[in-house]
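**Q** Chains A and B are the protein sequences, given in the same order. Residue numbers 28 to 371, in my numbering, belong to the letters of the first sequence in order. Residue numbers 28 to 371, in my numbering, belong to the letters of the second sequence in order. Note that beta-carbon positions come from the ideal geometry of N, C-alpha and C, so glycine has one too. Provided herewith is a single structure, encoded as C-alpha cells, for subsequent inquiry.
Protein chains: 2
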Amino acid sequence: MTRYIGSDEMAALIRREGPEALLARLAASLRADFARWESFSLESRLASHAPQGVIELMPAADGDSFAFKYVNGHPGNTRAGKLTVAAFGVLAERATGYPVLLSEMTVLTALRTAATSALAASAMARPGSRTLALIGTGAQAEFQALAFKAVLGIAEIRLYDVDPRAMAKAWANLEGRGLSITCAGSVAEAVAGADIVTTATADKARATILTPDLIAPGQHLNAIGGDCPGKTELHADLVRAARTVVEYAPQTRIEGEIQQMPADFPVTELWQVLTGRAPGRASPQEITLFDSVGFALEDFSALRCIRDLAGPGPGLDLIPEVDDPKDLFGHVLARGAARLERAA
Amino acid sequence: MTRYIGSDEMAALIRREGPEALLARLAASLRADFARWESFSLESRLASHAPQGVIELMPAADGDSFAFKYVNGHPGNTRAGKLTVAAFGVLAERATGYPVLLSEMTVLTALRTAATSALAASAMARPGSRTLALIGTGAQAEFQALAFKAVLGIAEIRLYDVDPRAMAKAWANLEGRGLSITCAGSVAEAVAGADIVTTATADKARATILTPDLIAPGQHLNAIGGDCPGKTELHADLVRAARTVVEYAPQTRIEGEIQQMPADFPVTELWQVLTGRAPGRASPQEITLFDSVGFALEDFSALRCIRDLAGPGPGLDLIPEVDDPKDLFGHVLARGAARLERAA
Numbered sequence: 028m029t030r031y032i033g034s035d036e037m038a039a040l041i042r043r044e045g046p047e048a049l050l051a052r053l054a055a056s057l058r059a060d061f062a063r064w065e066s067f068s069l070e071s072r073l074a075s076h077a078p079q080g081v082i083e084l085m086p087a088a089d090g091d092s093f094a095f096k097y098v099n100g101h102p103g104n105t106r107a108g109k110l111t112v113a114a115f116g117v118l119a120e121r122a123t124g125y126p127v128l129l130s131e132m133t134v135l136t137a138l139r140t141a142a143t144s145a146l147a148a149s150a151m152a153r154p155g156s157r158t159l160a161l162i163g164t165g166a167q168a169e170f171q172a173l174a175f176k177a178v179l180g181i182a183e184i185r186l187y188d189v190d191p192r193a194m195a196k197a198w199a200n201l202e203g204r205g206l207s208i209t210c211a212g213s214v215a216e217a218v219a220g221a222d223i224v225t226t227a228t229a230d231k232a233r234a235t236i237l238t239p240d241l242i243a244p245g246q247h248l249n250a251i252g253g254d255c256p257g258k259t260e261l262h263a264d265l266v267r268a269a270r271t272v273v274e275y276a277p278q279t280r281i282e283g284e285i286q287q288m289p290a291d292f293p294v295t296e297l298w299q300v301l302t303g304r305a306p307g308r309a310s311p312q313e314i315t316l317f318d319s320v321g322f323a324l325e326d327f328s329a330l331r332c333i334r335d336l337a338g339p340g341p342g343l344d345l346i347p348e349v350d351d352p353k354d355l356f357g358h359v360l361a362r363g364a365a366r367l368e369r370a371a
Numbered sequence: 028m029t030r031y032i033g034s035d036e037m038a039a040l041i042r043r044e045g046p047e048a049l050l051a052r053l054a055a056s057l058r059a060d061f062a063r064w065e066s067f068s069l070e071s072r073l074a075s076h077a078p079q080g081v082i083e084l085m086p087a088a089d090g091d092s093f094a095f096k097y098v099n100g101h102p103g104n105t106r107a108g109k110l111t112v113a114a115f116g117v118l119a120e121r122a123t124g125y126p127v128l129l130s131e132m133t134v135l136t137a138l139r140t141a142a143t144s145a146l147a148a149s150a151m152a153r154p155g156s157r158t159l160a161l162i163g164t165g166a167q168a169e170f171q172a173l174a175f176k177a178v179l180g181i182a183e184i185r186l187y188d189v190d191p192r193a194m195a196k197a198w199a200n201l202e203g204r205g206l207s208i209t210c211a212g213s214v215a216e217a218v219a220g221a222d223i224v225t226t227a228t229a230d231k232a233r234a235t236i237l238t239p240d241l242i243a244p245g246q247h248l249n250a251i252g253g254d255c256p257g258k259t260e261l262h263a264d265l266v267r268a269a270r271t272v273v274e275y276a277p278q279t280r281i282e283g284e285i286q287q288m289p290a291d292f293p294v295t296e297l298w299q300v301l302t303g304r305a306p307g308r309a310s311p312q313e314i315t316l317f318d319s320v321g322f323a324l325e326d327f328s329a330l331r332c333i334r335d336l337a338g339p340g341p342g343l344d345l346i347p348e349v350d351d352p353k354d355l356f357g358h359v360l361a362r363g364a365a366r367l368e369r370a371a
C-alpha cells in the first residue's frame, strides 16, 4: 500500500504536533537536506501553461528517493472559492520505483515555505532579531509568523495588507499564540524599525512593495511573493543594494526578484550559507535579501519529514500487489476479484 | 474531492464491463483522440535514472485537460515479487489546475497498450485476419489476445515464450474465452502462417526475436517489447523491409525498433493512418510494422475513458476544500480540525 496523507490528516498532524513544533522540525529537516545539496540531482521542472494558469511537475531526487510535487497557479480560482495554488506530492523509492507516500501539499507547501524563510533568516538576519513585518497577509502569513517565532524567537509581528479583511483574518488567527501583534496603516509604518520584513503579496506584475527609502541598514528582507517570470515585489535599486541569497540561481534568475538584474548579478546559494562556505551577512549594517521562489529540494525534504512524523496510517491500493509479476491478468480477473468478493 | 480509482476498483471495473468490451471501448477512445492529434500539446517526458531502473513522468494535455502518468521500469523488481513496471496517473482540469482523477495505471497501461495495438492493426493488417502469434507471454499477453479478438475478430492465438510456465499461465488465463489457443514449440512454429505477430518480450538488450526468414509477405508485426534505448526485438533487415508506423516519430526514433535505422528512415505516424492521410498498408503482400513504444496521449485517453466509465465513486481529500482561499491557516487549525472532530 502507498501511505496516504490527505488534507484532513495533515490538519490533524499540525494540531497534534502544534504548528510551531512542526515548523521547527521542518526547518531542521530543510537544514540537513540543504547541507547535503550536492547529493541531489536537480532536474528542471515541467510546466504546462494554459490561459487561466499553469500546472507544474517539480521533481527532486537523491540516491535513495525520488519526489515530485504537482502544483498549479491559477489567480482566477479564488473567484470560484478555489485555491490559487493547490498541490500534492509523491515520494518514491529509487531502488524499486514504487511510490511510498502520496500527500496533500497545499498546506505542506505553506509550511515548508515558512520554514525555509525562517531557516534562511537564521543565517542572514542580525542576531537577536525580535520584530517581523509581514507585508501581505494572505494564505502564507500565519505560517510565516509562527515559523519566525519557532526558529528565531521573533516576538513582535506587524501586519500590513491592502485588504483590511485579510489583515483582520491574520490577526485573529495569530491572537493568543504568544506574539505581540499590531496592524499597521501602511507599508512604511509596518517596516520602520522591523528587524525582518517578509513580502508575500499576490500581485501578478512588476510591483514595488518595498522601495529603498523604506528600508534601513541592517534589515533582512524575505521576499517570497515574487516567484514567477513577470512577478516581482522589490524596487530594483533595493535588490542592487542588498546581499542576495537564493535557493538555486538558474531558477531564481528567471522567477525571482533578480529577474530585474543582469545575468551576472552576484548571488549566493542558501546551501553555501548554511554550510559555512559563504557568509549570510557581512556586517550589522548590511541589508540582506533572501530572494525565495520555492525549490523542489524543499518539497522533497518536507515529504520525508512528514512521512517520518506521520508514521503508519491509511494507505492506497495505487499499485497492485501481485503474487506473480508475470500474471497481471490473472491477478485482475481472478485473484483480484476474489479479494474484492471477500472484502464485500 | 479527487476521484480515486485504485487497483481493486480497476479490477472490479474490468470484471463488471468484461475485458473485451472494455478493450473495445478503450480502442474507440484512442481512435477518437488520435484523430484529433493536432489538438494535443506533446511535452517531453521527464526521466530520473538510477542504477536499478528509471522513474518517468509522462505529461499530455489538450485544451481542457492535463494528464500525467508516473511509471517506473525496474527489471530486478520481479526477484522481490514486485512489478517491473508499475504506474499511476492523474487527470486535471486546465481551467482550475485541480486534479479530478487519480487512478492506478499498472493495469490500465496494459489495457491501453493492447487497445492501441489492436487499433493500429485494424488499419494495417490484412482484412479478414484471424490468427495472432504472441511471442512473449508475460504480463501483457492476455490483454493483447483479447484486444485483438474484440477489435479485429481474431479467433486463433498461438503462444510462445522461452519460459514454459509463462506460456502455461497465458493459456490457462485465456482458456474458455472463445479463442482457439495453441502453445508453439518455437518462434518459427508460432509465426508461420499467422496474420499478425505481436512481440512482447522483456529482454533488456538488442535481441532478434524475429528475423526476415521467419516472416512471410503480408504479415503484420506489432512490436511492443522494444520500448527504450538499447532494447529492440526485430532484426534490422526486417524493419528495413517493412512499412513502419509509429506513435510519435521523435520518441520512437530513440526508443523503438527504428533506433537501429538511420535518422531519416521513413515512418508514418499512427494518427496519419487513422485519419486517412497515409495508408496503413499498400498491398496484401506488404509486411507492415507497428513499432509501438507507448505514448502519453494513450494514457490521457485511457484516463478520460476510465473516468467516464467508472462514474461517481470514492474520492480523496487531496486538495483542501476551503471556505476562504486566503484563510488556509484558519482552515487547518480551526475548521479543518472541527470537521475532523465531528468525523471522529
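1. Taking residue 44 of chain B and residue 336 of chain B to be in contact with their CB atoms under 8 Å, please state how far apart those CB atoms are, rounded to whole angstroms.
2. Along chain A, which residues have their Cβ under 9 Å away from the Cβ of residue 178 of chain B?
3. Spell out whether any CB of chain B is found under 8 Å from the CB atom of residue 249 of chain A.
4. Where does residue 115 of chain B sit, in a helix, a strand or coil, going by DSSP?
5. Residue 353 of chain A and residue 227 of chain B - do their beta-carbons sit closer together than 8 Å?
6. Rounded to whole angstroms, what is the Cα-Cα separation between residue 234 of chain B and residue 306 of chain B?
7. Please identify the residue among A:78, A:81 and A:88 whose C-alpha is closest to the C-alpha of residue 82 of chain B.
8. Looking at chain A, which residues of the region 131-159 of chain B have a Cβ within less than 7 Å of any of its Cβ atoms?
9. In chain order, what residues of the same chain have a beta carbon less than 6 Å from the beta carbon of residue 316 of chain A, not counting five sequence neighbours either side?
10. Please report the residue range of the beta strand (DSSP E) in which residue 210 of chain B lies.
11. Shorter than 8 Å from the beta carbon of residue 34 of chain A to some beta carbon of chain B?
12. Evaluate the contact criterion for the region 310-328 of chain A versus the region 240-258 of chain A: three or more CB pairs, one atom per stretch, below 8 Å.
13. Evaluate residue 96 of chain B with the Cβ neighbour count: other Cβ atoms within 10 Å of its Cβ, from every protein chain shown; 16 or more gives buried, anything less gives exposed.
14. Rounded to the nearest angstrom, what separates residue 84 of chain A and residue 116 of chain A at their Cα positions?
15. For residue 297 of chain A versus residue 147 of chain A, is the C-beta spacing smaller than 8 Å?
16. Under 8 Å between the Cβ atoms of residue 142 of chain B and residue 179 of chain B?
17. What residues of chain A sit near residue 258 of chain B, judged by a beta carbon separation below 8 Å?
18. At a CB-CB cut-off below 9 Å, which residues of chain B make contact with residue 46 of chain A?
19. Cβ-heavy atom distance between residue 44 of chain A and the ligand FAD below 7 Å?
20. Since residue 125 of chain B meets chain A, which of its residues come closer than 9 Å, beta carbon to beta carbon?
21. What are the start and end residues of the alpha helix (DSSP H) that includes residue 169 of chain A?
22. Could you check where the beta strand (DSSP E) with residue 92 of chain A kicks off and where it finishes?
23. Assign residue 7 of chain A to one of two classes, buried (16 or more other C-beta atoms within 10 Å of its C-beta) or exposed (fewer than that).
24. Take residue 41 of chain A and list the residues in its own chain whose beta-carbon comes closer than 8 Å to its own, dropping the five residues that flank it on each side.
25. Out of B:349, B:197 and B:132, which has the shortest C-alpha to C-alpha gap to residue 111 of chain A?
26. Just curious, the alpha helix (DSSP H) that residue 85 of chain A is in, first and last residue?
27. Given that residue 54 of chain A touches chain B, what residues does it touch there, using C-beta distances under 9 Å?
28. So residue 165 of chain A contacts chain B; which residues on that side make the cut at Cβ distance below 8 Å?
29. Which two residues bound the contiguous alpha helix (DSSP H) that contains residue 277 of chain A?
30. Any Cβ of chain A within less than 8 Å of the Cβ of residue 349 of chain B?
31. So which of B:98, B:104 and B:122 has the shortest CA-CA distance to residue 113 of chain B?
32. With a cut-off of 8 Å, does the C-beta of residue 42 of chain B fall near any C-beta of chain A?
33. Is there a C-beta anywhere in chain B that falls below 8 Å from the one on residue 254 of chain A?
34. Measure the alpha-carbon distance for residue 206 of chain A versus residue 222 of chain A and round it to whole angstroms.
35. Count the other CB atoms within 10 Å of the CB of residue 254 of chain B; is the residue buried (16 or more) or exposed (fewer)?
36. Which chain C residues are close to residue 331 of chain A, counting only those with a beta carbon under 7 Å from its beta carbon?
**A** In short:
1. Start at 1 with the first residue of the second sequence, and residue 44 of chain B comes out as number 17. Start at 1 with the first residue of the second sequence, and residue 336 of chain B comes out as number 309. 7 Å between Cβ atoms; contact.
2. Position 151 of the second sequence, counted from the first residue, corresponds to residue 178 of chain B. Residues of chain A with a Cβ closer than 9 Å to the Cβ of residue 178 of chain B do not exist; the shortest Cβ-Cβ separation is about 17 Å.
3. The count along the first sequence starts at 1 and reaches residue 249 of chain A at position 222. By this cut-off, residue 249 of chain A is not an interface position.
4. Numbered from 1 along the second sequence, position 88 holds the residue referred to as residue 115 of chain B. DSSP places residue 115 of chain B in strand when its eight states are reduced to three.
5. Taking the first residue of the second sequence as 1, we reach residue 227 of chain B at position 200. Taking the first residue of the first sequence as 1, we reach residue 353 of chain A at position 326. The answer is no: Cβ separation not under 8 Å.
6. As a working mapping, residue 234 of chain B is identified with position 207 in the second sequence. As a working mapping, residue 306 of chain B is identified with position 279 in the second sequence. Approximately 29 Å between the Cα atoms of the pair.
7. Here residue 82 of chain B refers to the residue found at position 55 of the second sequence. Out of A:78, A:81 and A:88, A:88 has the C-alpha closest to the C-alpha of residue 82 of chain B.
8. 131, 133, 134 and 137
9. Here residue 316 of chain A is taken as the residue at index 289 of the first sequence, counted from 1. Once the five neighbours on either side are set aside, the close Cβ partners of residue 316 of chain A are 248, 269 and 271.
10. In the second sequence, residue 210 of chain B corresponds to position 183, counting from 1. Taken as a continuous stretch (DSSP letters only), the beta strand (DSSP E) holding residue 210 of chain B covers 207-210.
11. If you number the first sequence from 1, residue 34 of chain A lands on position 7. Output row for residue 34 of chain A: interface = yes.
12. yes
13. What you label residue 96 of chain B is simply residue 69 of the second sequence in a count that begins at 1. By the neighbour-count rule (16 or more Cβ atoms within 10 Å), residue 96 of chain B is buried.
14. As a first step, residue 84 of chain A must be located in the first sequence, where it is residue number 57. As a first step, residue 116 of chain A must be located in the first sequence, where it is residue number 89. Straight-line Cα distance between these residues: approximately 9 Å.
15. Counted from its first residue, the first sequence places residue 297 of chain A at position 270. Counted from its first residue, the first sequence places residue 147 of chain A at position 120. Yes. Within cutoff.
16. Position 115 of the second sequence, counted from the first residue, corresponds to residue 142 of chain B. Position 152 of the second sequence, counted from the first residue, corresponds to residue 179 of chain B. Cβ distance not < 8 Å, so residue 142 of chain B and residue 179 of chain B don't count as in contact.
17. Taking the second sequence and counting its residues from 1, the one referred to as residue 258 of chain B is at position 231. By Cβ distance, chain A contributes nothing, its closest Cβ being about 17 Å from residue 258 of chain B, past 8 Å.
18. For the purposes of this step, residue 46 of chain A is identified with residue 19 of the first sequence, where counting begins at 1. What residue 46 of chain A touches in chain B: 356, 359 and 360.
19. This structure does not include the ligand FAD; it has no bound ligands of any sort.
20. Position 98 of the second sequence, counted from the start, is the residue given in the question as residue 125 of chain B. Ordered by position in chain A, the residues that pass the 9 Å Cβ test against residue 125 of chain B are 99, 101, 104, 109, 110 and 113.
21. For the purposes of this step, residue 169 of chain A is taken as residue 142 along the first sequence, with counting starting at 1. From DSSP, the alpha helix (DSSP H) with residue 169 of chain A extends over 168-179.
22. On the first sequence, residue 92 of chain A is found 65 positions in, with the first residue counted as 1. Residue 92 of chain A -> beta strand (DSSP E) spans 92-100.
23. This structure does not reach residue 7 of chain A, given that chain A is present from 28 up to 371, and the question cannot be answered.
24. The sequence position of residue 41 of chain A within the first sequence is 14, counting from 1. Counting only residues of its own chain and dropping the five nearest sequence neighbours on each side, residue 41 of chain A has a CB closer than 8 Å to the CB of 49, 134 and 138.
25. Residue mapping note: residue 111 of chain A aligns to position 84 of the first sequence, counting from 1. Selected option, being the one with the closest Cα: B:349.
26. Here residue 85 of chain A corresponds to residue number 58 of the first sequence, with the count starting at 1. Run containing residue 85 of chain A: none in the alpha helix (DSSP H); it sits in the beta strand (DSSP E), 80-88.
27. In the first sequence, the residue the question calls residue 54 of chain A occupies position 27. Correct list: empty, because the minimum Cβ distance to chain B is about 18 Å.
28. Position 138 of the first sequence, counted from the first residue, corresponds to residue 165 of chain A. Under the 8 Å cutoff, chain B gives 353.
29. Against the first sequence, residue 277 of chain A aligns to sequence position 250. In the DSSP assignment, residue 277 of chain A falls within the unbroken alpha helix (DSSP H) covering 276-282.
30. Taking the first residue of the second sequence as 1, we reach residue 349 of chain B at position 322. Interface residue, yes.
31. Residue 113 of chain B sits at position 86 when you count from the first residue of the second sequence. Nearest option by C-alpha distance: B:98.
32. On the second sequence, position 15 is the one that residue 42 of chain B refers to. So, interface residue.
33. As a working mapping, residue 254 of chain A is identified with position 227 in the first sequence. False, the Cβ-Cβ gap to chain B never drops below 8 Å.
34. In the first sequence, residue 206 of chain A corresponds to position 179, counting from 1. In the first sequence, residue 222 of chain A corresponds to position 195, counting from 1. Cα to Cα, residue 206 of chain A sits roughly 15 Å from residue 222 of chain A.
35. Start at 1 with the first residue of the second sequence, and residue 254 of chain B comes out as number 227. Buried.
36. Absent from the structure: chain C. Protein chains present are A and B.
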